[in-house]
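Right, one structure below, let's go through it.
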Amino acid sequence: RDGDPLEMEILRPDGTGEVYRLKDLLNRTLDDVSGTKILVARYWPNFVLREGQPATDGDRPDNPAILVMLEGTQAEPSTPSRLLLAPGPTPGSLSYLGLPASGPSTSGTIHPGDEFSPGWRGWSAKFLTWEPKGRIQNLTVPEEKSSNQPGRPAIHARLRAADGHEGPALWISSGSSSVLQIGDVASRIGFGLELQPLPFTIRLDSFEVPRDPGTDEPANFRATVTFSNEKINQTVPAQLEMNQPATYPPGLLPQITGLSYKFSQAGWDPQNLNRTTLQVLHDPGWLLKWSGSLLMVVGIFSMFYLRRDPSPNS
3 RDGDPLEMEI LRPDGTGEVY RLKDLLNRTL DDVSGTKILV ARYWPNFVLR
53 EGQPATDGDR PDNPAILVML EGTQAEPSTP SRLLLAPGPT PGSLSYLGLP
103 ASGPSTSGTI HPGDEFSPGW RGWSAKFLTW EPKGRIQNLT VPEEKSSNQP
153 GRPAIHARLR AADGHEGPAL WISSGSSSVL QIGDVASRIG FGLELQPLPF
203 TIRLDSFEVP RDPGTDEPAN FRATVTFSNE KINQTVPAQL EMNQPATYPP
253 GLLPQITGLS YKFSQAGWDP QNLNRTTLQV LHDPGWLLKW SGSLLMVVGI
303 FSMFYLRRDP SPNS
């Protein structure tokens with residue numbers, strides 16, 4: 003409120019803190035109980051930026067801001083416990099290395115059925131089975147209990163050969179596809195998808211996810227692709243980001259006529275950066291639609307502003 007002294011609150015990670023009057027801390031060093039030195043170096047009553055530099059627009063505290071400088075020792079970051087596994091010296095065995103958050107590491111060789119300690123306090127692990135040709139597979143399964151929350155429809159499908167033999171059945175959710183197999187025959191089946199052929203091919207060369215400094219949050223999605231058209235023997239490299247789509251065929255004329263395809267980033271798989279999801283926009287009739295809209299605007303304008311005044315009665 004107007005006339006009340008400005009206050010600054012100091013909060014520590016453990017939840018404790020104090021409230022000070024700003025004028026008591028301005029240009030003074032405070033020795034906090036945590037061992038950190040706190041200095042309020044600058045104060046702007048009505049903070050604004052002018053030519054990239056902080057400034058104040060008047061003395062009223064409409065948008066107060068302060069510059070705080072901290073000095074102290076930085077605590078060592080805690081290291082999470084880890085367990086590293088690698089193929090062992092003999093077929094079917096594993097070599098492990100347990101790295102606890104504190105204390106010595108453990109290592110050894112284990113076989114299926116062995117129970118071992120990774121070095122974590124109170125934890126043990128057991129080597130269950132060994133799969134020489136395993137792969138990671140995402141499966142869709144129906145809910146065991148009915149829920150009030152809306153779900154996604156799915157189909158239960160399998161391949162059946164001419165002689166009556168059937169392959170394993172899989173659930174395929176709407177908007178996705180899965181590979182069904184029977185013997186050495188495999189087919190990719192999609193549900194709720196409509197395939198549209200492209201007159202060219204597109205290849206993903208690389209996919210990068212830059213992070214915000216100091217965090218693990220994605221700052222951007224950058225895909226490097228290559229467009230190829232064998233009919234005209236044309237290969238065009240391109241790069242697309244979140245707000246920077248890529249178009250093919252290149253050039254201004256295909257974009258004006260609406261014959262180009264615009265690819266933009268639509269999704270990504272955090273577990274596999276070797277693939278990405280792109281959205282395709284192709285609207286060859288946009289020029290006709292915009293021309294019709296423009297004609298309607300011109301017609302309405304001419305009806306109200308370009309019509310002749312009625313001649314007076316003789």
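Numbered continuously in our numbering, the sequence shown closes out at residue 316.
For every residue, glycine included, the Cβ atom is placed at its ideal position computed from N, Cα and C.
Tell me residue i's beta-bridge partners as DSSP assigns them.
i      : result
Asn48  : Asn65
Thr228 : Arg205, Pro239
Pro252 : Pro252 is not bridged to any residue.
Tyr22  : Met10
Ser1   : Within the shown structure, residues of the chain are numbered from 3 to 316, placing residue 1 beyond reach of any answer.
Asp33  : Lys39
Thr278 : Trp270
Pro89  : Leu96
Trp173 : Thr142, His158
Any heavy atom of the ligand FMN closer than 8 Å to the Cβ of residue i?
i      : result
Ala164 : The ligand FMN is absent from the structure shown, which contains no ligand whatsoever.
Quick check: the Cα distance between residue i and residue j, rounded to an integer number of angstroms?
i      : j      : result
Thr203 : Phe229 : 6 Å
Gly19  : Ser36  : 10 Å
Arg3   : Glu219 : Any answer about Arg3 is weak, because its pLDDT of 45 lies below 50 and its placement is not dependable; what the coordinates show is given next. Answer to the nearest angstrom: the Cα atoms are 38 Å apart.
Ser262 : Gln236 : 15 Å
Lys25  : Arg213 : 39 Å
Gly90  : Gly121 : 19 Å
Gly124 : Ala171 : 41 Å
Gly100 : Ser107 : 5 Å
Leu197 : Ser95  : 45 Å
Gln257 : Met244 : 20 Å
Thr92  : Leu195 : 46 Å
Ser304 : Asp285 : 30 Å
Phe223 : Thr249 : 17 Å
Would residue i and residue j be called neighbours here (beta carbons separated by less than 9 Å)?
i      : j      : result
Ala225 : Gln241 : yes
Ala156 : Ser176 : yes
Trp270 : Thr259 : no
Lys264 : Leu283 : yes
Gly185 : Gly166 : no
Asn231 : Pro251 : yes
Ser97  : Thr111 : yes
Trp173 : Pro144 : yes
Pro199 : Lys233 : no
CB-CB under 6 Å to residue i, same chain, minus the five flanking residues each way: which ones, in chain order?
i      : result
Leu350 : Given a span of 3 to 316 for the chain in the structure shown, any question on residue 350 remains unanswerable.
Val21  : Glu9, Glu11
Gln139 : none
Leu74  : A small correction: the amino acid at residue 74 is Gly; Leu does not occupy that position in the sequence shown. Same-chain partners within the cutoff: Gly37, Thr38.
Gly192 : Ser179
Gly253 : none
Leu41  : Thr31, Met71
Lys128 : Glu117
Pro239 : Thr228
In chain order, what residues of the same chain have a beta carbon less than 7 Å from the beta carbon of residue i, not counting five sequence neighbours either side?
i      : result
Thr131 : Pro114
Asp33  : Lys39
What does a CB cutoff of less than 8 Å around residue i pick up in its chain, not counting 5 residues either side in sequence?
i      : result
Asn48  : Thr58, Asp59, Gly60, Asp61, Arg62, Pro63, Asp64, Asn65, Pro66
Leu206 : Ala225, Thr226, Val227, Asn276, Arg277, Thr278
Gly287 : Gly260
Comparing the C-beta of residue i with each C-beta of chain B, is any distance below 9 Å?
i      : result
Gln267 : Annotation note: the requested chain B is absent from the structure, which comprises a single protein chain.
Would you call the segment 78 to 97 and the segment 60 to 67 touching, i.e. three or more CB-CB distances under 8 Å? no
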